[in-house]
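Peer 1: In the working numbering, the protein residues as written are 26 to 250. Take this structure first; my questions come after.
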C-alpha cells in the first residue's frame, strides 16, 4: 500500500496490499470510528486506551479481547514479535491490527475505517499534515495518498479516485490511520523521500513533484528480512 521504508523488524503490514482482486477501499463494513475527531476515549496516537510505545502488550491484548462488535480475532507470534488482527462483525476482511515487536510494549496500531471522515473534518480538528507519500494504485479508480503527521505521530490514508485523474479534496475520505511510536515515525521521515503538503492536489501532482525531504540515513537489511 505504501512506498515507505520501515524498520525490517517492525511488522507494519497493510492488509489491503495482499488482497486480490483489489478490495473496495471505501468499504462501509470497515470500522466505524470517529475518535480521530472526538479524541474519545483518548487522543491520537492513543486509540481505545492503547498508546504505541507506552502500553504494555499484555494490557493492549486485554483491551483488544474485551472489545465488542469484533470478530475473528487472531493472535500470531513470530521471532519474539506478536500481533493481533480482527474484523468487524459485518466485515469480510480484517479491519485492524496491533503489533509488538518484542512482545513487551505495543509498537503499532492500524485501523481501516469506514469512509465516514472527510479530510476537511480531519483538518479542522488536527490541522494539515506535514508530508505526503504517494501510495499504491489499487485499480484504475482507486489509489491512496499517505499524509504524515510526525508530531502526533500518525499516518492518514486518504482515498483518491485513481492515479490518472484522481485528486484530493475537502470531501476525500480517510480510509485508514496508523499510530506509531515517535522513534518509528522519526525513522520513516529520515529514510524516505517525502513531498511537502501543498494542499488539495492531484495524485499525479504529488507523484511528480520534487521531494521536500530526502533520506538522511539508509537502513541496512537484516538477514531474512
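Glycine included, each C-beta is placed from N, C-alpha and C at the ideal position.
1. Please return the same chain residues whose Cβ sits closer than 8 Å to the Cβ of residue 35, not counting the five positions on each side in sequence.
2. Indicate whether residue 178 and residue 206 have their beta-carbon atoms separated by less than 9 Å.
3. Taking a contact to mean a Cβ-Cβ separation below 9 Å, would you say residue 55 touches residue 200 in this structure?
4. Spatial neighbours of residue 120 within its chain, please: C-beta separation below 6 Å, excluding the five flanking residues on both sides.
5. Which runs of the alpha helix (DSSP H), 4 residues or longer, sit entirely within the stretch 81-110?
6. For the candidate residues 165, 166, 174, 217, whose alpha-carbon lies nearest to that of residue 150?
7. Can you tell me whether DSSP reads residue 112 as helix, strand or coil?
8. Looking at residue 93 and the ligand MN, is the gap between the Cβ and the nearest heavy atom below 8 Å?
9. Distance check for residue 156 and residue 246, CA to CA, integer angstroms please.
10. Helix, strand or coil for residue 55? Go by DSSP, reduced to three states.
11. Taking the alpha-carbon of residue 159 as reference, which of 88, 192, 47 has the nearest alpha-carbon?
12. Quick check on the burial criterion: 16 or more other C-beta atoms within 10 angstroms. Buried or exposed for residue 53?
13. Rounding to the nearest angstrom, what Cα-Cα distance links residue 172 and residue 47 in this structure?
14. Let me know if residue 163 comes out buried or exposed under the rule of 16 or more other beta-carbons within 10 Å of its beta-carbon.
15. Go ahead and label residue 108 buried or exposed: buried means 16 or more other beta carbons lie within 10 angstroms of its beta carbon, across all protein chains shown.
Peer 2: Let me spell this out:
1. Within the chain shown, the letter at position 10 stands for residue 35. Per-residue confidence for residue 35 stands at a pLDDT of 32, beneath the threshold of 50, marking its modelled position as unreliable; the derived number appears in the next sentence. So the qualifying residues of the chain are 124, 126, 132, 133, 209.
2. Translated into the one-based positions of the chain shown, residue 178 becomes position 153. Translated into the one-based positions of the chain shown, residue 206 becomes position 181. Their beta carbons are under 9 Å apart, which means residue 178 touches residue 206 by this criterion.
3. Your numbering for residue 55 matches position 30 in the chain shown. Your numbering for residue 200 matches position 175 in the chain shown. In contact: residue 55 and residue 200 (Cβ atoms closer than 9 Å).
4. The residue you call residue 120 lines up with position 95 of the chain shown. Counting only Cβ-Cβ distances below 6 Å, and skipping sequence neighbours, we find 55, 56, 112, 113, 137.
5. 82-90
6. Counted from its first residue, the chain shown places residue 150 at position 125. The option with the nearest alpha carbon to residue 150 is 174.
7. Indexing the chain shown from 1 puts residue 112 at position 87. Note: residue 112 maps to strand in three-state DSSP.
8. This structure lacks the ligand MN; in fact it carries no ligand of any kind.
9. Along the chain shown, one-based indexing puts residue 246 at 221. Along the chain shown, one-based indexing puts residue 156 at 131. The predicted model places residue 246 with a pLDDT of 49, which falls under 50 and marks its position as unreliable; any figure quoted below should be read in that light. Between residue 246 and residue 156, the C-alpha separation is close to 25 Å.
10. Within the chain shown, numbered from 1, the residue matching residue 55 stands at position 30. Looking at residue 55 - three-state DSSP - the assignment turns out to be coil, as it is neither helix nor strand.
11. The residue given as residue 159 occupies position 134 in the chain shown. With distances taken between Cα atoms, residue 159 lies closest to 192.
12. Stepping through the chain shown from its first residue, residue 53 is reached at position 28. It is exposed - the Cβ of residue 53 has fewer than 16 other Cβ atoms within 10 Å.
13. Counting from one through the chain shown, the residue named residue 172 turns up at place 147. Counting from one through the chain shown, the residue named residue 47 turns up at place 22. Going by C-alpha positions, residue 172 is about 22 Å away from residue 47.
14. Here residue 163 refers to the residue found at position 138 of the chain shown. Buried, by the Cβ-count rule.
15. Numbered from 1 along the chain shown, position 83 holds the residue referred to as residue 108. By the neighbour-count rule (16 or more Cβ atoms within 10 Å), residue 108 is buried.
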